[in-house]
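Notes follow the structure.
2 protein chains.
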Amino acid sequence: MKFDFKKIINDNLPPPDQAPWRQFPTYNFVGGHNDPDSLPIELLTHACTSVLQREGKTLATYSLESGPQGYLALREFLVKKLKRTAEIDCTSDDILINSGSLQSIDLINQALVKAGDTVIVEESNYGGVLSRLNRLGVTMESVRVDHEGMITTELADKLAKLKQRGIKPAYIYSIPTVHNPTGTIMSVQRRQHLINLATEYDTVIFEDECYADLVWSGERPPSLYAMDTTSRVVHVGSFSKTIAPALRVGYTVANWSLMGQLLALKTDAGSGALEQMLLAEYCTEHFDQHVNNLNINLKQKLDTLCQSIDREFGTDATYESPPGGIFLWVKLPAAVNTESLAAFAEAEGVAINPGHEWSLQADATQHLRICFANPSTETIEAGIAKLAAICHREFGVPVHGKNQPR
Amino acid sequence: MKFDFKKIINDNLPPPDQAPWRQFPTYNFVGGHNDPDSLPIELLTHACTSVLQREGKTLATYSLESGPQGYLALREFLVKKLKRTAEIDCTSDDILINSGSLQSIDLINQALVKAGDTVIVEESNYGGVLSRLNRLGVTMESVRVDHEGMITTELADKLAKLKQRGIKPAYIYSIPTVHNPTGTIMSVQRRQHLINLATEYDTVIFEDECYADLVWSGERPPSLYAMDTTSRVVHVGSFSKTIAPALRVGYTVANWSLMGQLLALKTDAGSGALEQMLLAEYCTEHFDQHVNNLNINLKQKLDTLCQSIDREFGTDATYESPPGGIFLWVKLPAAVNTESLAAFAEAEGVAINPGHEWSLQADATQHLRICFANPSTETIEAGIAKLAAICHREFGVPVHGKNQPR
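Line by line, the protein sequences are chains A and B.
If you read the first sequence in our numbering, its first letter stands for residue 68, the second for the next number, and so on.
If you read the second sequence in our numbering, its first letter stands for residue 68, the second for the next number, and so on.
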């Protein structure tokens, strides 16, 4: 008989996985997966060969010959890229390469928050951050987002009320450029107001810009890190959305008073070096062109998704087509509970993110997040048709589909 | 003026890094770095090209198409390799690929220990485990190691005494095959005794076998995981020592009652996929031959190191030449404090591990760990000569060197 570890596993841990993973759902509208056909396999292979031939022997040392902040050539690419795209002035000493931006988030939380702390978040938000902060026992105060991003007048009220109660938030977390899940890009005015408020209340801003390169127009406002003159912003980014999510490479930009602590907390003996080498070699030459191509392909998939939703859900589904990103935030009628809908759909091979996992707003269970980068256009069309049929069967809406009564 | 994050950083964290890393020391005898000249760059490049051409598009999905336990082809390689080398019977469902074995250690600790718990460790031990357990607030009870490995009669006494005090250890941590830092290989009799004791006292064994392939003779006893019939062993291994440490790929073997919990705790969205793909592609064909070659090169470096120590320290340095691995555990006379010696040496470009970081034994500060895989034979010779000169200057020993009085 096998020893049952359950009897000695610590209490208060996340519930265990029940069985090994077997396969993706047929219609996979969840997760930050990307478009496989946009991956430049030939150029990536060429980059990998070049860098291995030239520097492969350095794999024999932990962290190559670059130290714990990560492969120097990749940090040097980022210095130039962040200047060009986000107007950030920094040096390679200000950048830490992480094992995905999730590790950035974990390290920053280890440094800056503890149980009982308060943080401010956008009301609809990245599920991975909401679940982490919940697990840490942190109180989340939320501020709504509209088409210009976080509503900073609400933030001002929130900060004033917290101050009256003697509470200073550990940080203000924001995804200003291609907000997750709404896709909104925060206006420059709001960015400046956010920075002014953080300065006035002497707190810090945690800027998460994992999607910021995926903007259809190719134009974006400067990052909060760039606009802030007081160095109270910690900036996080990733290669998951621009190159490939299975490569676990993200980065953190911060001044040394935080960076030194993040390094002490990063006890993993470095992030994967080959992935860093490949990215530096490839991106230094090809990043901008690749992202342009990727955005064209993603925008086409978004258009397919919107057309499918319009056709299958009619006016029962409302959304704002986002200016970039890989997801669409959709609202359904009050009759629908998307937590139940997600469960029904999952049983039939359609995976969606129910709104309550991605939002603190009161009507979160009318919302769902649909990720469109990974499935083919045919899969998007068939999956949305199937989702509408399931929704109609279970909740009676949408009443119309394909311009016909159901 | 820059915002100073120090004023808001949590208390009780490890001390921050003081400045960015700049370079390795000239004579680098610390860390698990490997021999750069043993790295098979051509074959690794070929493997990388093959797997990218065939499966590169799967990088567009998190965890490829293999799920959170890691790239299936790598787990399938491990199933066969662990059977062949360690007599382990397992399936790919029993294996979790980690971001280095350090992540395995962190996940197992999250699942199984909490502040105030007691664990049993070998008295001289891997510094990374000692520092982690200290940070977690765990009480370590230590058992001595001799040339046959952990002295299990002492373990029996320890377990009995703990039981009298109502204490059941959370686990017994052991590095049975090429013990760190002594290089000892635990005998089969001791292994069986250890398993019997764990079963009798109903506790579990945490078997860390990162160095187990680096055995000069090519022969090793079966792993504890293989010998245990009650499935109370969690087994950890790594590709850092056999292929390359900068690739951050390790693995955990455990029954599902633990595996399901480790998966729930591994919230990093997967370990680096390209490194897993490269390893699977390369190791399936070339692992055994490569490890044979590597061991020949490592043994030569060990011989050089031993000759250098004999020449420079004479009889003032005592050690047992290990049957495998990448480090030598050396004892100096009582006049020497290796914590001070390490600081003096560091200032002159010679890095060594002082014994107190790698051992709980009373005379730890007479010991030092010297890693020999990374430096060239010339660097080993020059570095040991320099270390002996510094030691003589600061502590008056060794009195003789190069068969001459100093």
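Heads up, the beta-carbon is just placed ideally off N, CA and C, and yes, glycines get one too.
Quick one, which of A/84, A/92, A/78 and A/69 has its alpha-carbon nearest residue 446 of chain A's? On the first sequence, residue 446 of chain A is found 379 positions in, with the first residue counted as 1. Out of A/84, A/92, A/78 and A/69, A/92 has the C-alpha closest to the C-alpha of residue 446 of chain A.
If we count the other Cβ atoms within 10 Å of its Cβ and call it buried at 16 or more, is residue 168 of chain B buried or exposed? Indexing the second sequence from 1 puts residue 168 of chain B at position 101. So residue 168 of chain B counts as buried.
Please list, in chain order, the chain B residues whose beta carbon lies closer than 8 Å to that of residue 48 of chain A. Since the first residue shown for chain A is 68 and the last is 473, residue 48 of chain A is missing from the structure and cannot be characterised.
Buried or exposed for residue 450 of chain A, going by 16 or more other Cβ atoms inside 10 Å? Your numbering for residue 450 of chain A matches position 383 in the first sequence. By the neighbour-count rule (16 or more Cβ atoms within 10 Å), residue 450 of chain A is buried.
For chain A, find out if any of its Cβ atoms is closer than 8 Å to the Cβ of residue 356 of chain B; answer yes or no. In the second sequence, counting from the first residue as 1, residue 356 of chain B sits at position 289. Judged by the 8 Å Cβ criterion, residue 356 of chain B is not in contact with chain A.
Identify each residue in the region 330-348 of chain A for which the Cβ-Cβ distance to at least one residue of chain B is less than 8 Å, and report them in chain order. 330, 331, 332, 334, 335, 336, 337, 338, 339, 340, 341, 342 and 345
For residue 258 of chain B, which option in B/425, B/290 and B/440 has the closest C-alpha, if you only look at C-alpha atoms? Counting from one through the second sequence, the residue named residue 258 of chain B turns up at place 191. Comparing Cα positions, the closest option is B/290.
Residue 160 of chain B by DSSP, collapsed to three states: which one? If you number the second sequence from 1, residue 160 of chain B lands on position 93. Assignment of residue 160 of chain B by DSSP, reduced to helix, strand and coil, places it in the helix class.
Alpha-carbon spacing of residue 77 of chain B relative to residue 240 of chain A, whole angstroms: Taking the second sequence and counting its residues from 1, the one referred to as residue 77 of chain B is at position 10. Taking the first sequence and counting its residues from 1, the one referred to as residue 240 of chain A is at position 173. Each residue's Cα considered, the two are about 18 Å apart.
Can you tell me whether DSSP reads residue 195 of chain A as helix, strand or coil? For the purposes of this step, residue 195 of chain A is taken as residue 128 along the first sequence, with counting starting at 1. Helix.
Contacting positions in the region 151-172 of chain A - beta carbon closer than 7 Å to chain B: 160, 166, 167, 169 and 170
To the nearest angstrom, report how far apart residue 185 of chain A and residue 262 of chain A are at their CA atoms. Here residue 185 of chain A is taken as the residue at index 118 of the first sequence, counted from 1. Here residue 262 of chain A is taken as the residue at index 195 of the first sequence, counted from 1. So the alpha carbons of these two residues sit roughly 18 Å apart.
Specify the secondary structure class of residue 438 of chain A as computed by DSSP and reduced to three states. Along the first sequence, read from residue 1 onward, the residue named residue 438 of chain A stands at position 371. The answer is strand: DSSP assigns residue 438 of chain A an E or B state.
Reference residue 332 of chain B; option with closest CA among B/173, B/121, B/117 and B/104: In the second sequence, the residue the question calls residue 332 of chain B occupies position 265. When each option's Cα is compared against that of residue 332 of chain B, the closest is B/173.
Can you give, in chain order, each stretch of the alpha helix (DSSP H) that sits fully within the region 233-269 of chain B and has at least 4 residues? 255-267
Just mark residue 214 of chain A as buried or exposed, buried being the case when its beta carbon has 16 or more other beta carbons within 10 Å. For the purposes of this step, residue 214 of chain A is taken as the residue at position 147 of the first sequence. It is exposed - the Cβ of residue 214 of chain A has fewer than 16 other Cβ atoms within 10 Å.
Given a threshold of 16 other Cβ atoms within 10 Å of its Cβ, counted over all protein chains shown, does residue 225 of chain A qualify as buried or as exposed? Position 158 of the first sequence holds residue 225 of chain A. The residue is buried, with at least 16 neighbouring Cβ atoms inside 10 Å.
Going by C-alpha to C-alpha distance, which of A/153, A/441, A/137 and A/110 sits closest to residue 335 of chain A? Locating residue 335 of chain A in the first sequence gives position 268, where the first residue counts as 1. Residue A/137 is the option with its Cα nearest to residue 335 of chain A.
Close-in-space but distant-in-sequence residues of the same chain around residue 430 of chain B (CB under 7 Å, 5 per side omitted): On the second sequence, position 363 is the one that residue 430 of chain B refers to. Correct list: empty, nothing qualifies.
Could you tell me if the beta carbon of residue 324 of chain A falls within a distance shorter than 7 Å of some heavy atom in the ligand MG? As for the ligand MG, it is missing from this structure, which has no ligand bound.
So, under 8 Å CB-CB, residue 80 of chain A and residue 178 of chain B are touching, yes? Tell me the CB distance rounded to an integer number of Å. Locating residue 80 of chain A in the first sequence gives position 13, where the first residue counts as 1. Locating residue 178 of chain B in the second sequence gives position 111, where the first residue counts as 1. The pair is a contact, with the Cβ atoms about 7 Å apart (cut-off 8 Å).
For the beta strand (DSSP E) that contains residue 482 of chain A, what are its first and last residues? For chain A, the structure presents residues 68 to 473; residue 482 of chain A sits outside this window and is missing.
Between which two residues does the beta strand (DSSP E) harbouring residue 396 of chain A extend? Indexing the first sequence from 1 puts residue 396 of chain A at position 329. Run containing residue 396 of chain A: 394-398, per the beta strand (DSSP E) assignment.
Pairing CB atoms from the region 120-139 of chain A with CB atoms from the region 455-466 of chain A, are three or more of them under 8 Å? no
Compare the C-beta of residue 124 of chain A with all C-beta atoms of chain B and state if any pair is closer than 8 Å. Locating residue 124 of chain A in the first sequence gives position 57, where the first residue counts as 1. Closer than 8 Å to some Cβ of chain B, the Cβ of residue 124 of chain A qualifies, so yes.
For residue 254 of chain A, would you say it is in contact with chain B, using Cβ-to-Cβ distances shorter than 8 Å as the test? Position 187 of the first sequence, counted from the first residue, corresponds to residue 254 of chain A. Chain B, which has no Cβ nearer than 8 Å to the Cβ of residue 254 of chain A, makes this no.
Taking DSSP's pairing of strands, which residues face residue 201 of chain B in a bridge? For this step, residue 201 of chain B is matched to residue 134 along the second sequence. BP columns for residue 201 of chain B are empty, so no partner.
Are the C-beta of residue 116 of chain A and some C-beta of chain B separated by less than 8 Å? Taking the first residue of the first sequence as 1, we reach residue 116 of chain A at position 49. With 8 Å as the cut-off, residue 116 of chain A counts as an interface residue toward chain B.
Three-state secondary structure (DSSP) at residue 176 of chain B? Along the second sequence, one-based indexing puts residue 176 of chain B at 109. DSSP places residue 176 of chain B in helix when its eight states are reduced to three.
Rounding to the nearest angstrom, what Cα-Cα distance links residue 181 of chain B and residue 98 of chain A in this structure? As a first step, residue 181 of chain B must be located in the second sequence, where it is residue number 114. As a first step, residue 98 of chain A must be located in the first sequence, where it is residue number 31. Whole-angstrom Cα-Cα distance: 32 Å.
Do the region 262-282 of chain A and the region 240-250 of chain A meet, that is, are 3 or more Cβ pairs less than 8 Å apart? yes
Smallest Cα separation from residue 127 of chain A: which of B/444, B/102, B/144 and B/412? Walking along the first sequence from the start, residue 127 of chain A turns up at place 60. Among B/444, B/102, B/144 and B/412, the Cα nearest to that of residue 127 of chain A is on B/102.
Any beta carbon from chain D within less than 8 Å of residue 103 of chain A's own beta carbon? No chain D is part of this structure, whose protein chains are labelled A and B.
Buried or exposed, going by whether 16 or more other CB atoms sit within 10 Å of the CB of residue 150 of chain B? Taking the second sequence and counting its residues from 1, one reaches residue 150 of chain B at position 83. Exposed: under 16 other Cβ atoms inside 10 Å.
Residue 94 of chain B and residue 390 of chain B: beta carbons closer than 8 Å? As a first step, residue 94 of chain B must be located in the second sequence, where it is residue number 27. As a first step, residue 390 of chain B must be located in the second sequence, where it is residue number 323. In this structure, residue 390 of chain B does not lie closer than 8 Å to residue 94 of chain B by Cβ.
If the cut is a Cβ gap below 8 Å, which residues of chain A does residue 181 of chain B touch? On the second sequence, residue 181 of chain B is found 114 positions in, with the first residue counted as 1. By Cβ distance, chain A contributes 77.
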